[in-house]
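Student: Just dropping this structure here.
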C-alpha cells in the first residue's frame, strides 16, 4: 500500500480535469438541406481524439447506417459507437476515423420516410451520393477516396450498406453487414394501406434492390468489380433474417467473391448490433489503405 | 427463395404480437421504506421469462450493485442487463434467476448518501441484511439460501459486492467483482468539505472496509469461510483501480483462497462493465447449486 | 521484489514435484475385443483429477468421435483435449467428466474400416451400443444415464455424433457437432474401386443416415424425442461442409427442435476443431443434470 | 439438395489436388554455422503463401522465441503457428509475413545451452544480432527495417523478446510477450551444480537482464526510445510468472511507456501460449508500417 502515492480521489479529480482539458473524441449532430429530397436531413458524426489538434490531418471515413424507424442518433445512443471506438482506438484495434450516421428513418406513424435506396418521390441513394457524401467530405477533413471509405449498418441499414457497396463499388473499400435485411421475397412486400404508404414503398425498394439477386445476376465484369471490395456478413443464429444472410453469403461464394461470414449467438437485438462493432471497426480499419 | 412461406413483414408483425402475448422477462422498479435508514429506498428487479407462468417455481437471486453517484436504474438503462440476461438464458449460458439492484447512491450535489457499508448515520449494510434482503426474498419467489444467492457489482458496487461476500460468507455462493473499488489508502480519503460531508464519510467507510486488508488480516478460520465462496475479479488494463484489484487477487492467492482473475482491454467505462456481464452471469449461474 | 520468497527455480521444482505427487487427470488407451465386429478395437479415455482419490464418485461421460482416417488418438495428440479439459475444469467452465474416444477409423490404404453407422460386414453402431458403451460404463465409474451422457465429434465424427443423438435420443442429453459431415448427396457417393471398397461403403452409410433427411422426415413423435436432447452445431465459414450444416440447422428450426448454431472463422482444420472444444465442453457440462 | 453440383468426395479430391498444385505457405528448417558461438544452430522459418509466386515482394518478419529446454521446432509442432497464421491471413487479421524461430535451447541433460542473452562462453545476443538476423534477412526476402520487424516469445523466450525489444529499440516495431520470464530475483538463481552449469549461467543472465529493472532504471532518453516500440504483455491468471509480468506492466506504466496488458484464464501451458498467437499475430501485423 506504501507504493500508492496519489489518492484515488485525487486521481478521479485528475481524470475529470484531464477530460475537460485534454483533447477528446466527440460526437456532433448537424442538419443538411437536400434539394433532391426537398427536406432537411440530420446526421450525427464522430470525430476522433486527434481531430482538433492535428489540423492538417485527413481521416478515413465510415458511413454507419441505422435500422428501420430509427434515426441517426441510434448508433450513438443505444449502439454506444462513440465509446466502442474510443476503446478500440486506445488499444490499436481500430484506426482513428470519422464515423457518419445519416438520418434515413424515423417513425412511420409520424410520417417519416425510411430507406436507403431510390424510391418514388424519395431518391435517397441519389441524395446520399450527390449531396450528402460530398457535403460531409468537404465539411470534415476526410481523405475521400475508395481506399479510405467504408460502409456498415444494421438491419435495413445492413441491407443499405451492402446495396451501396454493390451499386457503388467505386466508392467503398469495405462493407460490414450487421443482421442485414439483404432481401425480401416478392410476396413479402407490405401491402399499401393507402396510396403513398411509405412502408409499402420501402419494402418494394428492398425487393427491387435485393442484395442476393444482385450477386446472382452479376456478369463477370460486375463480379470483378465486387471483388474490389472487402465483404463481411455477421448475423445471429436466432435472427429472423438469418436465411437471407445465408443466401447472400452462398451467392457470393458461388460468384467467387470473397466474403467473411459469421453466425454468432443472438437475435435481431441491440446486444447483437452493439457487439458487432467490436469486429466491424477493426475490419474496416484493416481494409483502409495505410 | 421458394421455401420462404411467411413474408418478412408478416414475421415482424408476428414478433410484435408474440412479444405482447407470450411470456417475457420483465423489469420492475419498486420502493421500500427502511426504518434503519429512515428513508424510502428504490430498487429495480429483473424477473425471468417463466416467472409469471410457473407460479410454484422459486429462483436463484443475484444482487447487482451500481457505482458511485449512480442508482438502481444504471445496470438496466446503461448496463442493459435485461437484454444480456435474455440472450444468455436463451443460449443456456445463464440460468433463469431474479436480479435485484438496490439504490445505494445518487448525486452528492443533491444530497444523496452513497455506499454499501455501515456509515455513521447511514447503516446501509444493516439495512441490506435486515430489511432489504428479507423483503426481497419474501416478496419474490426466491429460493433464499447461500447456494442460490450471488452478489456482483461495478466500481463502488464491486467493492460492495466483495465486502458483502467477505463479511457475509454465510449468505453468498459467489462474488463477481467488476472494476471494483477494493480499497482506498488512508491518505486517499476525501477531506470533509463540511461536517457530515457524504463523500468523505463514504471514502472513510471504504478505507475501514478495505477488501485487501480483510484478506491480509484473516485468520485461518476466516480463510476457511472465504473458501466457501467462489470469487471472480475482472478489471481493465487501463482502469485507475487496477492496482487495487491486483493487490486483492495477490492477497487471495497468498491466503490460498481460490479466485479467478482477468484483465481485459479497457478502462473504467460502461463498455467494460457491460461486457463483464457476459462472463459474470454464466459464472454465478454455474455456481448456483442445481 | 522483496516480497518474492520462493525463487522461480524452486517454484519450478515444486511444480514438478507436485505434478508427480499430487493427483492429476490422466489419459489411457485400452483395447476391447468386439464380437460384433470380429476385431479388437482401441479407445482412449480421459480420467479427471479427482478420479483416483474419490473412489466412490461416479462421473458424467462424453463420447468424443474422431474424423475420417483418424483414430482414437487424434483428439488427444492433435486436439489436445486433455489440456483443454484441465484448463476448463480449473476455471469451473467444465465439470469433471470422463471423456472416451473410440477408434472408428484409420488409413483406407492400410485396409481400415471407417465410420460410425452400421455398414454391411461392419456394424459399428451395433458394436457401439451393445458392446462398447456397456463395457466403458462398467469398467469406469460412470453414472450411466441419459442425463449424464453426451456425444460430440468432428467431421465424420460430427455426423456420427449427430446421428447417434438422433437414433438414440434415449442415450444422450446433448450433442455438439463440430464441422460435421451431416450428409452426402446421392451422386456424391464414392464409386467403389473394387468390391468391398471401404470408402464407398462408408459414403453410402453416410448417405443412408443423412442427419438432414432424418429431421426432414421425422414425424411429430420423433420430433418430440429430438427435443429431449440439447443440440449445438458449429462449423467454419470456409469449411466445404458448411452448406450441409446450414441445411441441418434449417431443418431443425423448421421442425421446431431448438438448436444452437455458430459459424466462426475457419475451414476444415484442426485449429477449428480444437477451438470448438472451448465451447463444446462447457456446453455438455451445462447440460449434464446436477 | 439440387444445388449441390459437386460431390463431397470430388470436393475432397479437388482440395487435395489444389493443395498439391496451388501455392501454399510452408515451413522449412535450416542450419547456420555461428562463429560467435562456435557451433551450428538450427532455425525454422514460415514462408507465406505468396512467397514463391511473388518473387519481387519483400515481407515483414516476426522473430518468435521458444521457451526453456524447447527448440526452434516447438512453436511449429506444439504451437501450431503455421496453421494459426494461415487462418489469420485468410481472414485478413494478420498480414503475410515471414516467421523465424531460432534454436536457443534443448535439454540441459544433453548439454545444450539455453538462453537469449549474452552469457560467458555463449554470446547468444551477439550471435542473434551480428550473425543470425543478417543471415536471415539476406537469405529470405525480408524488408529489413524496424518498421517491419517484430519479436515475440513464450516464457524464457517472452523474456528474451522483451529484453531484445528493450536493448535493441532500433530493431523492432513491436514486442508481444507471452507468459514471459521477465525477471528472476537474485536469490532465485539456480545454484551451480558444477563449474559451467548451464542452468545456473542461464538464470544469472536472466537476473542480469531483468526486464523489470531495465524499465525502472531507464533514464528519460531510454524511456523515449522504449516509446518507439509497441508493447503487449499477456499472462495467465494461474501462471507462476504472473507477478513478474504485473511488475513489468506497472513499471512501464510508471515510466509512461504505453503497454497493453491482458490476464486471461490459464497457467504456464501450451494451451495458453497457443491461444496467445490469435492476439499476437494481429498485433504485430497492425504495427507493421503499411
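Residue numbers (this note's numbering), protein chains in the order written: chain E, 1 to 290; chain R, 1001 to 1290; chain Z, 2001 to 2290; chain A, 3001 to 3290. Think of the CB as a built atom: it goes at the ideal place given N, C-alpha and C, for glycine as much as any other residue. As the structure is a computational prediction, the values presented were derived from the model and not from experiment.
Please go through the same chain and pick out, in chain order, the residues whose beta-carbon is closer than 6 Å to the beta-carbon of residue 1127 of chain R, but skip the five residues on each side of it.
Tutor: Contacts found: 1034, 1036, 1037.
Student: Can you list, in chain order, the residues of its chain whose CB lies under 6 Å from that of residue 2153 of chain Z, leaving out five sequence neighbours each side?
Tutor: Here the set comprises 2065, 2160, 2161.
Student: Assign residue 3113 of chain A to one of three DSSP states: helix, strand, or coil.
Tutor: It is coil, neither helix nor strand.
Student: Run through DSSP, which three-state label would residue 1134 of chain R get?
Tutor: The answer is helix: DSSP assigns residue 1134 of chain R an H, G or I state.
Student: Is the number of C-beta pairs between the stretch 2070-2087 of chain Z and the stretch 2170-2190 of chain Z that are closer than 8 Å three or more?
Tutor: No, the stretch 2070-2087 of chain Z does not touch the stretch 2170-2190 of chain Z.
Student: Among residues of its own chain, excluding the 5 on either side of residue 2288 of chain Z, which ones have a beta-carbon nearer than 6 Å to its beta-carbon?
Tutor: So the list reads 2060, 2148, once near-sequence residues are dropped.
Student: Please confirm whether residue 3102 of chain A and residue 3072 of chain A have their CB atoms less than 8 Å apart.
Tutor: The answer is yes: Cβ separation under 8 Å.
Student: On the CB-based measure, 16 or more other CB atoms within 10 Å of its CB, does residue 1276 of chain R come out buried or exposed?
Tutor: With 16 or more other Cβ atoms within 10 Å, it is buried.
Student: For residue 1198 of chain R, is the classification buried or exposed, using 16 other Cβ atoms within 10 angstroms of its Cβ as the cut-off for buried?
Tutor: Its Cβ being crowded by 16 or more others within 10 Å, residue 1198 of chain R is buried.
Student: Find the nearest neighbour of residue 3100 of chain A within the set A:3142, A:3129, A:3046, judged by alpha-carbon distance.
Tutor: Here the closest residue by C-alpha is A:3046.
Student: Judging by CA-CA distance, which residue of E:151, E:209, E:286, E:111 is the nearest neighbour of residue 117 of chain E?
Tutor: Residue 117 of chain E has its Cα closest to that of E:209, out of E:151, E:209, E:286, E:111.
Student: When the cut-off is 8 Å and only beta carbons count, does residue 1084 of chain R lie next to chain E?
Tutor: Judged by the 8 Å Cβ criterion, residue 1084 of chain R is in contact with chain E.
Student: Using C-beta distances below 6 Å, list every residue in its chain close to residue 3063 of chain A, excluding the 5 sequence neighbours before and after it, in chain order.
Tutor: Same-chain partners within the cutoff: 3100, 3151.
Student: Hey, is residue 2216 of chain Z's beta-carbon within less than 8 Å of any beta-carbon in chain R?
Tutor: Chain R contact via Cβ: absent.
Student: Can you list, in chain order, the stretches of the alpha helix (DSSP H) that have 4 or more residues and sit fully within the stretch 2177-2236 of chain Z?
Tutor: Listed in chain order, they are 2198-2208, 2211-2216, 2220-2226.
Student: What residue from A:3202, A:3023, A:3207 has the CA that sits closest to residue 3184 of chain A's CA?
Tutor: Checked all of A:3202, A:3023, A:3207; the closest Cα to residue 3184 of chain A is A:3207.
Student: Would you say residue 3091 of chain A lies against chain Z (beta-carbon separation less than 8 Å)?
Tutor: Yes, because at least one Cβ of chain Z sits closer than 8 Å to the Cβ of residue 3091 of chain A.
Student: Would you mind reading off the limits of the beta strand (DSSP E) that contains residue 3261 of chain A?
Tutor: Its beta strand (DSSP E) spans residues 3259-3264.
Student: Less than 8 Å between the C-beta atoms of residue 2188 of chain Z and residue 2236 of chain Z, yes or no?
Tutor: Not in contact: residue 2188 of chain Z and residue 2236 of chain Z (Cβ atoms no closer than 8 Å).
Student: So, are the CB atoms of residue 2240 of chain Z and residue 2268 of chain Z less than 8 Å apart?
Tutor: It is a contact, given that the beta carbons lie within the stated cut-off.
Student: What number of angstroms, rounded off, separates the C-alpha of residue 1260 of chain R from the C-alpha of residue 3158 of chain A?
Tutor: The alpha-carbon atoms of residue 1260 of chain R and residue 3158 of chain A are separated by roughly 23 Å.
Student: At the 8 Å Cβ level, is residue 2028 of chain Z part of the contact set with chain A, yes or no?
Tutor: Cβ-Cβ to chain A under 8 Å: no for residue 2028 of chain Z.
Student: Closer than 9 Å, Cβ to Cβ, to anything on chain E: give me those residues from the stretch 1259-1275 of chain R, in chain order.
Tutor: Hits within the stretch, in order: 1265, 1266, 1267, 1268, 1269, 1270, 1271, 1272, 1274, 1275.
Student: Since residue 82 of chain E is in the alpha helix (DSSP H), which residue starts that stretch and which ends it?
Tutor: Its alpha helix (DSSP H) spans residues 81-90.
Student: Have a look at A:3082, A:3025, A:3089, A:3114 and flag the residue whose alpha-carbon is nearest the alpha-carbon of residue 3201 of chain A.
Tutor: When only C-alpha atoms are compared, the closest one is A:3114.
Student: Is the shortest distance between the beta-carbon of residue 2066 of chain Z and the beta-carbons of chain D less than 8 Å?
Tutor: Going by chain labels, chain D is absent from the structure shown, which instead holds the protein chains E, R, Z and A.
Student: Which term fits residue 1104 of chain R, buried or exposed, when burial requires 16 or more other beta carbons within 10 angstroms of its beta carbon?
Tutor: Classification for residue 1104 of chain R: buried.
Student: Quick check on residue 26 of chain E: does DSSP put it in helix, strand or coil?
Tutor: Residue 26 of chain E falls in the strand class under three-state DSSP.
Student: On the DSSP bridge assignment, give the partners of residue 2143 of chain Z in chain order.
Tutor: Its beta-bridge partners do not exist; DSSP assigns none.
Student: Going by the beta-carbon positions, is the gap between residue 292 of chain E and residue 182 of chain E smaller than 8 Å?
Tutor: Here chain E comprises residues numbered 1 to 290, so residue 292 of chain E is not present and cannot be evaluated.
Student: Any beta carbon from chain A within less than 8 Å of residue 2238 of chain Z's own beta carbon?
Tutor: So yes, residue 2238 of chain Z belongs to the interface.
Student: Determine which residues share a DSSP beta bridge with residue 3099 of chain A and list them.
Tutor: According to DSSP, residue 3099 of chain A bridges with A:3046, A:3062.
Student: Can you give me the C-alpha to C-alpha distance between residue 1169 of chain R and residue 146 of chain E, rounded to a whole angstrom?
Tutor: Cα to Cα, the separation comes out at about 60 Å.
Student: Going by beta carbon distance, what residues of the same chain come within less than 7 Å of residue 1163 of chain R, once the five residues before and after it are set aside?
Tutor: Here the set comprises 1116, 1117, 1209, 1211.
Student: Starting from residue 2152 of chain Z, follow the beta strand (DSSP E) in both directions and report where the run begins and ends.
Tutor: Counting along the chain, the beta strand (DSSP E) containing residue 2152 of chain Z begins and ends at 2149-2154.
Student: With a threshold of 8 Å between beta carbons, is residue 49 of chain E in contact with chain A?
Tutor: It does not; no Cβ of chain A falls within 8 Å.
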